[in-house]
Amino acid sequence: MVNSSEKKGKKNLVLIGVGFSGLELIRNWLSKPGMGSVTIIAECAADFFYFDALCSLKNVRNSFDGERIPDTGRCRLLVAGVQRIDVSRKRIFLPDEKLNYDFLVLVNECRPKILAHKKGRGLPCLAGRNSFESLIRKQFKQVVVRGNGFVALALAEHLIEKGMELTLVCGENSLVNPGFPMEEACLVAKKLRTKGIRLFFSREIEMFRMGPDGEITGVELNDGVQLPCQLVIHENGSFGAFSHLANPPLHSLKPMLAGVSESESDDQVYTLGVNLYSGEAVFGDFSYPSLSDQGLQLARKIIGPDVVSGPSSEFGAYHRLAGLDWFTYGDLSTFCGNNSHNFYWEHPNGSISFRLVFDKHHFFVQALGMLGISFDPQFVAHAFRQKQHASDFINGLVAGMPAGEKNRELIPLIGRAFSVEFEGLKNANRPSLLSRILEKFR
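With the working numbering applied, the sequence shown corresponds to residues 1 to 442, in that order.
If you want it as structure tokens, here you go:
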């Protein structure tokens with residue numbers, strides 16, 4: 001039976017695969033009036049975990065006026081093996097249905113890998129959310145998540161909310177993500193612990209313990225600690241398998257073009273993600289846009305140029321970690337440079353922090369990180385475009401706060417701490433009397 005439930009004139013969007021780039025596209029599609037349905041075809045039931053974690057990480061559930069995803073309204077996620085794609089008729093053949101599309105997007109991103117009870121191989125075959133939720137509540141009481149990135153944190157949060165006993169095993173000595181400083185990582189780790197999540201740092205899973213029917217019964221870490229569990233999730237595990245696309249006229253065996261590219265036949269098939277060829281024909285240069293930027297660019301192409309980004313701006317990114325909003329602008333890795341000064345302020349409650357990185361000689365703003373506090377994205381973007389002086393930026397923080405921001409009273413505290421540190425930096429930069437005298441004789 002062919003799926004043709006949408007009204008005439010509305011476009012249907014189908015994504016094969018789950019990931020950050022696809023989520024940004026979905027967010028914009030559902031927030032645009034008059035667009036049709038969205039169907040996400042996942043490879044296995046574990047992608048329910050992943051998709052919910054992504055939604056939590058990007059705070060997507062609160063972005064569409066109560067539109068809850070997936071499985072309700074205009075968006076659904078199903079687990080099915082794609083048997084064939086008829087490009088000329090824009091139709092996807094699944095085991096139980098034929099799915100029409102107007103736009104088809106292949107999402108090639110690394111997804112978490114799941115190890116669970118193998119008896120009956122029930123987990124990979126579940127296609128519906130209700131049956132999946134019922135299964136995990138019955139079979140999985142203790143879960144181990146291996147990883148230390150944002151996705152691992154979101155997976156741990158999502159699963160413990162379902163009443164499971166959760167352990168997060170990190171191979172590094174802290175929660176590590178590019179541009180995520182140690183101090184903020186410690187604050188987030190404390191929040192995770194208050195939620196009941198056990199954390200093991202600088203550890204690796206050395207051995208998996210199996211039961212007589214091939215089920216996971218626990219893991220042993222490299223220091224000998226044994227953790228009982230029925231489910232293990234690796235943050236980075238596997239990429240999507242697009243074997244059904246191996247034949248013409250879709251992509252042949254050539255590298256898939258990442259981003260907003262189309263095939264020559266204008267069949268409205270797009271690819272997003274990583275490990276894909278990217279060149280001048282796609283983005284104008286040989287750079288690789290972030291995953292969210294890829295989704296945003298594709299949204300502007302197929303939905304319209306008026307599509308706007310989410311909580312992030314053109315300079316920044318947004319994540320929700322352990323219930324705290326984490327905004328970054330610019331490249332926070334610059335705080336390791338010799339020419340940058342790193343100002344950091346933390347509230348005693350452990351839920352709010354403010355980090356400003358600026359040039360230590362010319363004092364212009366380079367990067368900004370905020371945990372539990374936010375400012376108007378346009379205000380911040382202006383500071384970056386104009387290379388604003390760090391002290392001018394701090395003095396304007398009150399004006400840059402959104403209306404109704406509850407943390408307005410913290411700005412004077414941040415300002416005073418910055419003034420003391422900035423004055424010390426200026427004094428350190430002033431040449432000594434002897435050096436000035438010697439300079440005159442050169």
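Just so it is clear, CB atoms sit at the ideal spot from N, CA and C, and this is done for glycine as well. For clarity, every value in this text was computed on a predicted model and none was experimentally measured.
Secondary structure of Tyr101 (DSSP, three-state): coil. Cys44 carries a coil assignment under DSSP once its states are collapsed to helix, strand and coil. Counting along the chain, Ile216 sits inside the beta strand (DSSP E) bounded by residues Ile216 to Leu221. Here the alpha carbon of Ser134 sits roughly 15 Å from the alpha carbon of Gln142.
Between Asp102 and the set Phe375, Thr217, Ala185 and Lys10, the nearest pair of CA atoms involves Lys10. Around the beta carbon of Gly424, fewer than 16 other beta carbons lie within 10 angstroms, which makes this residue exposed. Scanning Gly350, Ser202 and Phe49 for the CA closest to the CA of Ser174 turns up Ser202. About 6 Å separates the Cβ atoms of Ser292 and Phe20, confirming a contact at the 8 Å cut-off. It is roughly 28 Å from the alpha-carbon of Val14 to the alpha-carbon of Gly149.
As the crow flies, the alpha-carbon of Gly316 is around 22 Å from that of Leu410.
Following the DSSP letters along the chain, one finds Ala381 inside the alpha helix (DSSP H) bounded by residues Pro377 to Arg385. Boundaries of the beta strand (DSSP E) around Met207: Ile205 to Met210. Cα atoms of Lys426 and Asp392: separation of roughly 15 Å, rounded to the nearest angstrom.
Burial check for Ala428: the Cβ neighbour count within 10 Å stays below 16, so the residue is exposed. His341 is not a Cβ neighbour of Asp325, given a cutoff of 9 Å. In this structure, the CA atom of Glu97 is about 11 Å from the CA atom of Gln83.
With a cutoff of 9 Å on beta-carbon distance, Ala154 and Leu166 are scored as not near each other.
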